[in-house]
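Numbering (my numbering), first residue to last: 10 to 964.
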């Protein structure tokens with residue numbers, strides 16, 4: 010240690026850029042103001058003793074007790090935490106000067122430049138110099154480090170006081186002298202940080218001494234700040250000493266600095282926990298909505314897959330109406346729910362990614378892809394169901410038409426066949442004369458001709474019955490029974506006819522040839538003509554079913570052709586009547602005693618006249634029916650054209666909107682907010698266009714009710730329009746969500762609009778239909794200045810293409826670029842915040858959490874934080890390090906035991922917006938009496954993973 014020569018003074022001068030500008034701090038020609046000197050003595054003494062007490066000593070007289078330099082050196086060691094050179098223990102003056110110089114040298118080594126303060130003046134007990142030296146020490150070690158918004162120490166301390174007391178009435182801190190005279194400033198500082206110590210509302214501005222004493226007593230008792238001033242001195246002095254006030258107030262700053270640091274740490278933790286709680290809420294909401302939607306799909310698909318046919322048109326029309334209600338009322342809200350579910354999933358993944366959390370993995374079977382698959386099965390069943398309904402309606406329409414036709418033909422045949430078996434079974438020929446037998450034979454021949462004419466009708470009846478069976482007619486059993494009876498009867502009539510002919514031929518001889526031939530001619534011509542009229546009546550009364558103007562026009566043309574044959578038929582009728590007239594003329598002319606009735610025919614002239622009149626009555630009726638059907642088909646054609654006109658306008662409109670949205674989603678000019686406003690306008694226009702879709706649905710319903718099944722005027726079906734509309738709604742919602750996600754990402758990550766535009770421009774330059782393959786992505790990164798090696802590029806590809814699909818989406822590209830250019834909170838930051846609340850302990854207690862955090866978040870931590878069992882553990886200690894790591898999906902593998910090993914497997918979730926791939930990373934951990942809190946880590950991973958091991962490791 011070098012000897013310091015007596016009488017040497019240190020002339021230190023403050024620089025302008027030092028922590029505190031000294032402007033005429035000391036007037037060496039004048040003495041200190043007595044009041045100020047008193048205040049400084051008391052304040053500086055108390056301040057020094059607050060530190061010297063830590064070393065087990067104190068001072069009584071500030072100018073006397075520092076003269077030998079020993080306590081001065083001790084004071085510097087206590088407040089700096091550093092060791093000074095060994096002091097001289099002699100009592101001579103030069104020993105004292107040497108000790109003081111050591112202290113002054115140490116002060117100078119800390120960048121402090123003293124102004125005309127020499128060791129001799131301190132040794133000589135110069136009050137002015139001693140107080141100046143102590144003030145310099147206070148400035149350097151108590152005030153210099155105070156800085157708020159890059160201000161100087163004094164300004165920083167003043168700004169801190171102003172901010173803390175701003176909310177309090179009657180407090181206006183502008184300086185470090187008069188602003189503190191009423192004592193409210195000190196009380197406000199205490200109440201701001203410890204409201205439990207002072208009831209500020211009960212303070213009285215007119216009682217400054219009481220306010221100051223109250224503040225000092227509380228500070229001394231609860232904050233370990235000694236009483237450095239007398240209230241009377243502050244109040245009764247016009248301008249209290251600035252240095253004394255600054256010294257005292259700086260003690261409050263240091264007392265509360267730790268609390269402020271804890272408050273900042275608590276705020277960070279609260280923010281992180283709030284994000285985690287909100288994410289868990291969104292996950293639970295997604296799970297609930299997904300479950301409800303999947304349950305609705307599960308209930309609906311069996312209904313759509315039910316193909317049990319109804320027996321009547323009315324029942325099938327009711328099913329069609331139920332299906333229309335499903336399409337128009339029940340399904341559209343579910344389309345919105347599905348779209349909103351996808352949007353919520355993407356938004357949640359974005360929030361997780363922005364907050365540096367692992368991606369969300371829904372429960373098994375509730376992935377977005379699972380919902381999309383279930384929805385696809387629903388739409389497949391729906392499409393098949395509508396086709397089945399329409400086919401069934403067509404089938405029933407055909408079936409009912411055939412059933413009515415069967416009933417008409419069967420009734421006609423049964424009427425004709427009634428009594429024929431009894432006639433054929435008669436043996437009237439056994440007692441008849443020859444003439445009578447010959448008449449019976451001729452009559453039988455006429456019957457055979459009539460029987461042959463009815464063969465075609467029987468075959469038609471059997472064919473209609475067969476078709477009804479093929480169409481699965483509900484009353485096919487009765488149809489088959491009736492058809493079988495007709496066929497059996499027909500077979501019997503054939504057999505009986507043959508037997509009667511054989512019996513009659515045995516006794517047949519020619520009767521009167523002329524009359525006989527005339528009767529026979531009449532019978533041969535009357536029977537076909539009679540059958541023609543019966544067939545004409547059947548055709549004129551036959552039901553018809555058509556689906557177009559062309560078909561009804563064809564029926565009208567056929568009817569006109571039939572009417573053209575009526576004059577020829579009338580000529581045949583007159584010829585037959587002439588034959589009968591000739592018979593009557595011959596009988597009358599030759600006076601033959603024989604009946605004029607025709608023995609060969611059951612057809613009489615009266616029957617022919619009646620049936621001819623019936624045909625003439627039915628012709629105009631048929632005309633009217635055909636014209637009515639023609640009018641209905643014209644109405645159907647108008648419906649087709651009306652539907653087609655709208656569909657041909659709506660279909661291209663939907664396509665154009667899809668193209669506009671696609672162009673908007675890849676534009677690279679303008680802010681995201683402008684793009685959002687444009688998309689919102691698109692969405693508004695689309696929603697307003699819904700009335701056109703509803704009107705088209707109404708026209709479609711009219712078409713279905715009119716049983717119109719085809720439309721040559723348009724290629725668009727209602728199903729095309731529905732699907733296109735649903736895709737348009739989903740596309741605009743997804744596009745808006747993508748832009749919202751980009752805005753959320755940009756704002757949360759601090760990405761500028763210029764950067765976002767640059768990202769979009771780079772992607773659009775290399776993309777192919779909205780995607781980039783790996784080589785395009787590599788070229789894009791190189792164009793943006795990335796120097797890529799194979800390993801680095803492979804690492805990046807695991808981030809942007811975690812599922813190995815070979816393509817990079819725009820969202821994945823944006824996510825990667827924002828991760829590269831923005832900062833996020835990390836597990837290390839949260840751990841550091843907890844460490845502040847725990848006062849640097851490796852664990853934290855429940856009461857500390859309750860004191861520093863809001864009740865709900867404190868309880869959230871206590872419930873999920875594992876017990877701490879590391880070094881220095883106490884009962885109730887909680888491990889905040891493991892808790893913070895698990896918040897960010899990091900697995901902590903630290904155990905104290907060395908007697909065994911366990912393998913802990915955690916889920917590493919890829920940050921993808923639509924899917925998350927599961928990769929397993931193994932950590933080898935000591936097991937035995939393991940304290941690594943494996944179960945806790947798996948517990949915190951549950952919200953982010955679809956499955957976890959059912960049995961935890963042995964640790």
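From the three backbone atoms N, C-alpha and C, an ideal C-beta is built for every residue, glycine too.
Using the Cβ count rule (16 or more neighbours within 10 Å means buried), how would you classify residue i?
| i | result |
| --- | --- |
| residue 791 | exposed |
| residue 427 | exposed |
| residue 810 | buried |
| residue 528 | buried |
| residue 600 | Because residue 600 sits at a pLDDT of 49, beneath the cut-off of 50, its placement in the model cannot be relied upon, and the following sentence gives the value as read from the coordinates. Classification of residue 600: exposed, given that the 10 Å Cβ count is below 16. |
| residue 679 | exposed |
| residue 554 | exposed |
| residue 153 | buried |
| residue 434 | exposed |
| residue 509 | buried |
| residue 843 | buried |
| residue 608 | buried |
| residue 189 | buried |
| residue 890 | buried |
| residue 535 | buried |
| residue 893 | buried |
| residue 377 | buried |
| residue 566 | exposed |
| residue 210 | exposed |
| residue 30 | Its pLDDT being 35, under 50, residue 30 is placed unreliably in this model, and the coordinates cannot settle the point. |
| residue 736 | exposed |
Mind checking who residue i pairs with in its DSSP beta bridge?
| i | result |
| --- | --- |
| residue 883 | Beta-bridge pairing links residue 883 to no other residue. |
| residue 853 | 887 |
| residue 781 | 817 |
Which two residues bound the contiguous beta strand (DSSP E) that contains residue i?
| i | result |
| --- | --- |
| residue 244 | Element bounds for residue 244: not the beta strand (DSSP E) but the alpha helix (DSSP H), 240-245. |
Tell me whether residue i sits in a helix, a strand or coil according to DSSP, three-state version.
| i | result |
| --- | --- |
| residue 368 | coil |
| residue 876 | strand |
| residue 185 | coil |
| residue 389 | helix |
| residue 467 | helix |
| residue 93 | coil |
| residue 648 | helix |
| residue 718 | coil |
| residue 847 | coil |
| residue 1000 | Beyond the ends of the chain as shown, which are 10 and 964, falls residue 1000; an answer cannot be given. |
| residue 2 | Absent from the structure is residue 2, since the part of the chain shown begins at 10 and ends at 964. |
| residue 798 | coil |
| residue 633 | helix |
In the DSSP assignment, the alpha helix (DSSP H) including residue i goes from what residue to what residue?
| i | result |
| --- | --- |
| residue 345 | 340-363 |
| residue 145 | 136-147 |
| residue 177 | From DSSP, residue 177 is part of no alpha helix (DSSP H); its letter is neither H nor E. |
| residue 723 | That residue, residue 723, is in no alpha helix (DSSP H); it is neither H nor E in DSSP. |
| residue 219 | 217-231 |
| residue 114 | 102-118 |
| residue 765 | 762-775 |
| residue 684 | 681-697 |
| residue 236 | Neither: residue 236 is in no alpha helix (DSSP H) and is coded neither H nor E. |
| residue 202 | 193-202 |
| residue 431 | 429-434 |
| residue 568 | 558-573 |
Inset, instruction - Output the residue ranges of the beta strand (DSSP E) runs that lie fully inside the stretch 273-332 and measure 3 residues or longer, sorted by chain position. - result: none
Inset, instruction - Counting only runs of 4+ residues fully inside the stretch 489-554, write out the alpha helix (DSSP H) ranges in chain order. - result: 522-550
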